[in-house]
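*Asks:*
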Amino acid sequence: MVSPGLMVTFFFTMAAMAAAALDLDDLRLLEQFKAALPNDTALAGWNSGNGVCSFPGVDCKNSRVTSVSLIGVKLNANFSSVASTLLHLSSVEAITVRDANISGELSALSQVECGEKLSLLDLSGNYISGEVPAFINCSGLEYLDLSGNLVSGSIAVGVLSGCGSLSSLNLSGNHLVGAFPTDIAHLTSLTALNLSSNSFSGEIPGKAFVNLSKLRTLSLSFNHFNGSILGVVTMLPELQTLELGSNLLSGTIPATLCSSNTSSKLQVLYLQNNYITGGIPEAISNCAGLVSLDLSLNYINGQIPSSIGMLTGLRDLVLWQNALDGEIPASLSRMLALEKLILDYNALSGSIPSSLANCTELKWVSLASNRLSGPLPSWFSRFVKLQILRLGNNSFSGVIPPELGDCRSLLWLDLSGNQLKGHIPSELAKQSGKMEPQIFLAQLGYLRNDELREYQCHGKGSLLDLTGVRRGDLSRMPSRKACNFTSMYFGMLYPDTKNNFSMIFLDLSFNQLDSEIPKDLGSMYYLLVMNLGHNSLSGEIPDDLGAANHLAVLDLSHNMLEGLIPNSLSTLSLSDINLSNNRLSGMIPQLGSLATFPAISFENNSGLCGFPLPPCKQSVLETQQPKSHKRQVSLVGITVAAFSLLLFGMFTIFFFFFCALLTCLCQMKRPEAHNNANEALRLQGNLFSIWNFDGGDVYKQIVEATGNFDEKYCIGRGGHGSVYEAQLPTGEIFAVKKIRKTQDDSLKNEKLFNREIEALVQIRHRNVVKLYGYCSTDQDKFLIYEYMERGSLSRILMDKNCAVDLDWNKRLNIARDVAHALSYLHHDCSSPVVHRDVTSNNVLIDMQFRACISDFGLAKIMSLDASSCTSKLAGTAGYLAPELAYMTRVTEKCDVYSFSVVILELFMGSYPSDFLSALLSTTKKSASLKDLLDTRLPLPEGEVAREIFVLFMVALQCLDPNPGTRLTMLSASQKLSAGPTTGDFDYLHTDIMDTGTYVH
């Protein structure tokens, strides 16, 4: 038997919910929650019918619930009902409702009293809005967490006065404004205060901390606090963590920091991204317990004090983007625990102190963009945990130490912009297959340099630790130091570890290297960026580089390379290549993506020819053509020529017959049809129209059928126009997309209008919406499409009744339709077309549930204009491929990623934000089809379940963050059409996050 005073915890999770002993009053209250929970959520040990719980050995009459925890359960409830239920539980002492998708006003708390028993209230990670209400009679409350919500407004005086026992207060990640809350000065029991990531402003009042002698953690980062760093704040006797980054603080670092007459316990000091001036005080050495110090992105000058070496427990020393000068203190060698040394973008001089070799725990050494000189140390090989080594844009001389190949965890090597000579050590690749990388938990930012300024700005880009830094504030970095950047990538450095490990970034550009390119570099399996440009490299480009399967950026420009471009490079999914300014010869391989790059990528190679450069002479083609096949080629050429003449004759007869039946669309007396668009059509040899009468009459009928584009005929809106339903007197119904005419966007909209015509004129596929005609006048521009009765996929999924009509078989067919359409665009068109905006809004459904891709306003025809291969970021947020954040090159793989997001949305019933976040998380996740599929439909069975399982597996492969290993649409389409996988296992309950090997 359990004694009458038994304390019980009631815990909910996504997988199962364990209930303990409850009295009858509590059972009635918790019954409301049971009804509100998702249907597939089980309550273990729950039996409310007779008031007796089935939890073994517990007497319900003599036990009460003391703790309720709902973490990750998507209740989709209103906060008012949650508060009124939970806070009235008779014995509850702790309430955690975290990440539960609860919305509503926080004012619901004002309707109840916390009571003396409630000690913990955690409502973090929801969508609760409104202002912070007054907490009534909460004398027992010790822990209050409202972080990660939508709480707004200022904190009124007195709202926390009833919480005298509060020891932890977390209001971070909201929309709070105003001055520092005055009530905090009276919370004398406070040990942790977090107001970060809000919009508080004004000075930090020193008097607010006079009585907070127990405070151990103070986080005010990502606000708009100004003024100086008050000494009273830094002298709190128990303070361990002080985070003031990303504010508007100015002045100097207080000399009283960790004063010698104070027993300082400070471990974390973050002052980055402010306007702090002056030097680093010698007194910082008194912070003997300091573990992490970040003063980056300020205006601190002077030398790094040698006394800083007394911080023997320091793991992170981050000082980038300041005005520090002098030499790197040799005393840093005392910091045997040092893991991060980031001193980029200063004016440091001298050589790297040899004593630094003692710091063998280093994982990140970043000294780029300084004035350092001398040889590169060979003792870096001792750093077996080293992951990032950035020494670019200095004046280092001598050779590249081959011992760097012993750094078996090295992911990022940047030695660009120095005076290094000699050869590229083949040993750099020897760690491939042996590396033991650790997960990098820093918030990283990759700033890609503006290549138009490459003579002023060496190297491909910078890697920065952006923990505690607003991304927008990077504009404060002077371009003469950090260079203008065109794109950024933010995230974790977490390489795939299923195959051979290797570096992912290698930049040796802008040096004086004069060897051949080692073929061993091709064995670096996960290498994404290789920049060897602006050296004196000679010899041929090794064919072995084609084995670097993940290579996305390759720059070998401004060298003395000779010979042919190896065909093996055609197998790579390159986003950027630069082979210009060499001595290369022969024909540019017309395979893969090589022929889609602009001419600038190959220019100034006197012997190089073929698209996008001028055509090769016959002698060049014969030289590259194997002799054994010359006769076969000649015979094939004669056959092709004869067939072409016959085909041309037939086409000419058909063309003139066809043109006799048609007139120019929208040929009116005053407005002229758009010349550029018509010219594009003529170049394609396809004047299209479904009407064989005067275009002016067509224009009139369209205007009349839409009531001069009246709102009641509008069936959809987009970023650049609206779509109208037009039923002509013939009974035919069309969809008319009228381009919005605005003064600011006129040129942009004109370009989108032309691009859609140019793209669709060459496309004829059952799963691509048909363009029947267009009209371009001074008054109007519109496109005329086939009418898709059911509208967009997104609209169907949002409507419960329509979504139910879309059963699993129909959804499978829609997925195949979209895959077939994209495969056709990428692989079967005369010139590959990249859609660039594949979303559920741009997938249209007809009455027979046939799916068509629409809206080609952002499309790129890959070979019509070489410059179209690079572009500014365009598309719909949430569907964009991750590489578009740091590379400007458009490839078919961008559509592949968007396709997978649409497919997940189709089968999950809504945009898969949580699922995509789980894929990016470094924490191991699991998920089954049963948990993911649209709950509005019954679970699939048998063959259908297997086909959906295959589709999810294909979608995961299409979501690969590396475009080089992402499936092509042809491959994805074939996998979906090949039928389900074989195997006898439970498709609905198998963990799909760990089943990549099931797809063949």
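For the sequence shown, this note's numbering gives the first residue as 540, with consecutive numbering after it. Think of the CB as a built atom: it goes at the ideal place given N, C-alpha and C, for glycine as much as any other residue. Computed from a predicted structure; not experimentally measured.
Work out the CA separation of Ile1241 and Tyr1263 for me, nearest whole Å.
*Replies:* Their backbone Cα atoms lie some 10 angstroms apart in a straight line.
*Asks:* Sort Ala907, Arg921, Trp918 by Cα distance to Asn933 and report the nearest one.
*Replies:* Asn933 has its Cα closest to that of Ala907, out of Ala907, Arg921, Trp918.
*Asks:* Mind checking Gly1448: buried by the 16 CB within 10 Å criterion, or exposed?
*Replies:* Buried.
*Asks:* Does DSSP put Ile1139 in a helix, a strand or coil?
*Replies:* The answer is helix: DSSP assigns Ile1139 an H, G or I state.
*Asks:* Looking at the structure shown, is Ile847 part of a helix, part of a strand, or coil, going by DSSP?
*Replies:* Helix at Ile847.
*Asks:* Buried or exposed for Asn1070, going by 16 or more other Cβ atoms inside 10 Å?
*Replies:* Under this definition Asn1070 is a buried residue.
*Asks:* On a CA-only basis, which of Val1377, Ile1056, Ile1302 is nearest Cys1368? Give me that one, please.
*Replies:* Cys1368 has its Cα closest to that of Ile1302, out of Val1377, Ile1056, Ile1302.
*Asks:* According to the Cβ coordinates, are Asp833 and Gln860 closer than 8 angstroms?
*Replies:* Cβ atoms of Asp833 and Gln860: not closer than 8 angstroms.
*Asks:* Going by beta-carbon coordinates alone, are Phe1321 and Lys1276 separated by less than 8 angstroms?
*Replies:* Yes, these two residues count as a Cβ contact at 8 angstroms.
*Asks:* So, at 6 angstroms on beta carbons, what are the nonlocal neighbours of Tyr1326 in its own chain, with the 5 sequence-adjacent residues on each side left out?
*Replies:* Cβ neighbours of Tyr1326 beyond the five flanking positions: Ile1272, Phe1273, Ala1274.
*Asks:* Pull the bridge partners of Leu660 from the DSSP assignment, please.
*Replies:* In DSSP, Leu660 forms a bridge with Ile634, Leu683.
*Asks:* Looking at the structure shown, is Ile1177 part of a helix, part of a strand, or coil, going by DSSP?
*Replies:* Confidence at Ile1177 is low in this model, with a pLDDT of 36, below 50, so its placement is unreliable and the value that follows should be read with caution. Reduced to three states, the DSSP call for Ile1177 is helix.
*Asks:* Mark Tyr666 as exposed unless 16 or more other C-beta atoms lie within 10 angstroms of its C-beta, in which case mark it buried.
*Replies:* Tyr666 should be labelled exposed.
*Asks:* Could you tell me whether the Cβ atoms of Leu705 and Ser735 are closer together than 8 angstroms?
*Replies:* No. Outside cutoff.
*Asks:* Return the residue from the list Gly1072, Val1441, Ser835, Met874 that minimises the CA-CA distance to Leu1095.
*Replies:* Of Gly1072, Val1441, Ser835, Met874, the residue nearest in Cα terms is Gly1072.
*Asks:* Please report the distance separating the alpha-carbon of Ser1183 from that of Leu1332.
*Replies:* Note on Ser1183: pLDDT 43, under 50, position unreliable in the model; the coordinate value appears next. Cα-Cα distance, rounded: 43 angstroms.
*Asks:* Would you mind working out which of Gly848, Ser1054, Gly766, Thr1430 sits nearest Asp1376, comparing C-alpha positions?
*Replies:* Comparing Cα-Cα distances from Asp1376 to each of Gly848, Ser1054, Gly766, Thr1430, the minimum goes to Thr1430.
*Asks:* To the nearest angstrom, how far is it from the Cα of Gly931 to the Cα of Gly818?
*Replies:* Distance between the alpha carbons of Gly931 and Gly818 is about 25 angstroms.
*Asks:* Do Asn737 and Leu715 come within 8 angstroms of each other at the CB atom, strictly closer than that value?
*Replies:* Contact flag set, yes.
*Asks:* Short of 8 angstroms in beta carbon distance, which residues of its chain neighbour Asn1120, apart from the five on each side in sequence? Order them along the chain.
*Replies:* Contacts found: Ser1096, His1097, Asn1098, Glu1142, Asn1143, Asn1144.
*Asks:* Using a Cβ-Cβ distance cut-off of 8 angstroms, determine whether Ser846 contacts chain C.
*Replies:* Looking at the structure shown, chain C is missing, and only one protein chain is on hand.
*Asks:* Have a look at His725, Ala1494, Ser608, Leu1013 and flag the residue whose alpha-carbon is nearest the alpha-carbon of Leu660.
*Replies:* Nearest option by C-alpha distance: Ser608.
*Asks:* Identify which residue in Leu863, Leu880, Val857, Ile847 has its Cα closest to the Cα of Ser870.
*Replies:* The candidate whose alpha carbon is nearest that of Ser870 is Ile847.
*Asks:* For the alpha helix (DSSP H) that Cys1497 lies in, which residues bound it at each end?
*Replies:* Its alpha helix (DSSP H) spans residues 1481-1497.
*Asks:* How about Phe935 and Gln958: do their beta carbons lie closer than 8 angstroms?
*Replies:* Cβ atoms of Phe935 and Gln958: closer than 8 angstroms.
*Asks:* Which class does Asp1530 belong to by DSSP, given the choice of helix, strand or coil?
*Replies:* Asp1530: coil per DSSP, three-state reduction.
*Asks:* I'd like the list of long-range same chain contacts for Asn1050, defined as Cβ closer than 6 angstroms, with 5 residues on each side in sequence excluded.
*Replies:* Correct list, in chain order: Asn957, Leu959, Asn1074.
*Asks:* Could you please give me the residues that DSSP links to Arg1256 through a beta bridge?
*Replies:* Arg1256 is bridged to Ser1261.
*Asks:* Would DSSP call Asp562 helix, strand or coil?
*Replies:* At Asp562 the pLDDT is 36, less than 50, meaning the model places this residue with poor confidence; the figure from the coordinates comes in the next sentence. Looking at Asp562 - three-state DSSP - the assignment turns out to be coil, as it is neither helix nor strand.
*Asks:* Please confirm whether Ile843 and Gly865 have their CB atoms less than 8 angstroms apart.
*Replies:* Yes, the pair counts as a contact, with Cβ atoms nearer than the cut-off.
*Asks:* Going by the beta-carbon positions, is the gap between Ile1487 and Leu1351 smaller than 8 angstroms?
*Replies:* Yes, these two residues count as a Cβ contact at 8 angstroms.
*Asks:* How is the alpha helix (DSSP H) around Arg910 delimited, first residue to last?
*Replies:* Arg910 -> not in any alpha helix (DSSP H); beta strand (DSSP E) instead, spanning 910-914.
*Asks:* Would you report the Cα separation of Gln571 and Glu632, rounded to the nearest angstrom?
*Replies:* For Gln571, the predicted structure reports a pLDDT of 45, less than 50, and the residue's modelled location is therefore unreliable. The matter cannot be settled from this model.
*Asks:* Spatial neighbours of Ser1510 within its chain, please: C-beta separation below 6 angstroms, excluding the five flanking residues on both sides.
*Replies:* Here the set comprises nothing.
*Asks:* What residue does the alpha helix (DSSP H) around Tyr809 start on, and which one ends it?
*Replies:* Segment 807-809 is the beta strand (DSSP E) holding Tyr809; no alpha helix (DSSP H) there.
*Asks:* Would you mind sorting Ser760 into buried or exposed? The rule is 16 or more other CB atoms within 10 Å of its CB.
*Replies:* Looking at its Cβ environment, which holds 16 or more other Cβ atoms inside 10 Å, Ser760 is buried.
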